[in-house]
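Inspection log for the structure reproduced underneath, given as structure tokens.
Protein chains in written order, with our numbering: chain Z, 1 to 182; chain Y, 1 to 105.
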């Protein structure tokens, strides 16, 4: 934790400075957290809802944050939980099979005004959607953001070895999917 | 021609194919400020104390004005009462006699 972050954490624990410090945190981390959510949820509107929930959860849970982990790790953890909860709720609402939710995500993506991918990028997104949620999470964090395994361990609470294995299997599955659809 | 097998090693694939509405992050940050009551905090910290001072000042002015007006009325009424009292104590005949005596001297 660097000195700026230490100062922020100190301010978060002062009732009169708390809102100001949190406002700085939102401005500093909103983009990274947004893209983390968006990669899983795909549609902008839904990602926006989850992002709001994430920061409101963080705001309401400030008393529980003592600065034991980095602010970014803490936010990533909340965002990940919120994203997985959103996906679970969507699955429960649809009351259909697991594949249907992924199909629905893909349809939303193709209809989304804010999707500007080419054919290759769309094919890759389809391949990623074939992965189980947790594996998708690991793949997205490593492949697109190149987050270190140590950082991922702190965020996801999974050991580095398991994360490496998960990423390896995810790559294999995606390669297999891509070779089959060729 | 690019085959599906080398999509993952293509740098282009690592770019996210998503966009956000224009000015989205700025607006989001402002929206969050509102939701956590950050603007209210600025109001509480800076504007509200000055509003208290102004309210106290206005209160003092109004009370002063009220006190002054009431005091003026009481003084005027007292003066009026005194004049009536003095006049009531004077006998008109003795005043007339006094004028007659002075004019004949």
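Glycine residues also receive a C-beta, built at the ideal position from the N, C-alpha and C atoms.
{"Item": "Chain Y beta carbons: is any one of them nearer than 8 Å to that of residue 19 of chain Z?", "Value": "yes"}
{"Item": "For residue 115 of chain Z, which three-state DSSP category applies?", "Value": "strand"}
{"Item": "Spell out whether any CB of chain Y is found under 8 Å from the CB atom of residue 138 of chain Z.", "Value": "no"}
{"Item": "For residue 183 of chain Z, would you say it is in contact with chain Y, using Cβ-to-Cβ distances shorter than 8 Å as the test?", "Value": "Nothing can be reported for residue 183 of chain Z, as the shown portion of chain Z is limited to 1 through 182."}
{"Item": "How is residue 144 of chain Z classed by DSSP in three states: helix, strand or coil?", "Value": "coil"}
{"Item": "Quick check on the burial criterion: 16 or more other C-beta atoms within 10 angstroms. Buried or exposed for residue 29 of chain Z?", "Value": "buried"}
{"Item": "Which residues does DSSP list as the beta-bridge partners of residue 18 of chain Y?", "Value": "Z/115"}
{"Item": "Listed in chain order, which residues of the stretch 4 to 30 of chain Z have Cβ atoms closer than 9 Å to some Cβ of chain Y?", "Value": "16, 18, 19, 20, 22, 23, 26, 27 and 30"}
{"Item": "Return no unless some Cβ of chain Z is closer than 8 Å to the Cβ of residue 18 of chain Y.", "Value": "yes"}
{"Item": "What residues from the stretch 30 to 64 of chain Z come within 9 Å of chain Y, judged by C-beta to C-beta, listed N to C?", "Value": "30, 31, 34, 35, 38, 39, 42, 44, 47, 48, 51, 52, 55, 56 and 59"}
{"Item": "Check residue 7 of chain Y in the structure and name its three-state DSSP category.", "Value": "coil"}
{"Item": "Assign residue 16 of chain Z to one of three DSSP states: helix, strand, or coil.", "Value": "coil"}
{"Item": "Compute the Euclidean distance between the alpha carbons of residue 85 of chain Z and residue 58 of chain Y, then round it to the nearest angstrom.", "Value": "55 Å"}
{"Item": "Tell me which residues of the stretch 62 to 92 of chain Y have at least one Cβ-Cβ distance to chain Z shorter than 9 Å, keeping chain order.", "Value": "none"}
{"Item": "In whole angstroms, give me the CA-to-CA distance for residue 163 of chain Z and residue 132 of chain Z.", "Value": "14 Å"}
{"Item": "Compile a chain-ordered list of the residues in the stretch 115 to 137 of chain Z whose CB is closer than 9 Å to at least one CB of chain Y.", "Value": "115, 116, 117, 118, 120, 121, 122, 123, 124, 125 and 127"}
{"Item": "Here's a check: name, in chain order, each residue in its chain whose Cβ is nearer than 7 Å to the Cβ of residue 55 of chain Z, leaving out the five neighbours to either side.", "Value": "26"}
{"Item": "With distances taken from CA atoms, which of Z/35, Z/124, Z/87 and Z/154 is nearest residue 170 of chain Z?", "Value": "Z/124"}
{"Item": "Rounded to whole angstroms, what's the CA-CA distance from residue 1 of chain Y to residue 34 of chain Z? Just pull it up for me.", "Value": "Model confidence at residue 1 of chain Y stands at a pLDDT of 47, short of 50, so the residue's coordinates are unreliable; what they give is reported in the following sentence. Spanning the two alpha carbons is a distance of roughly 34 Å."}
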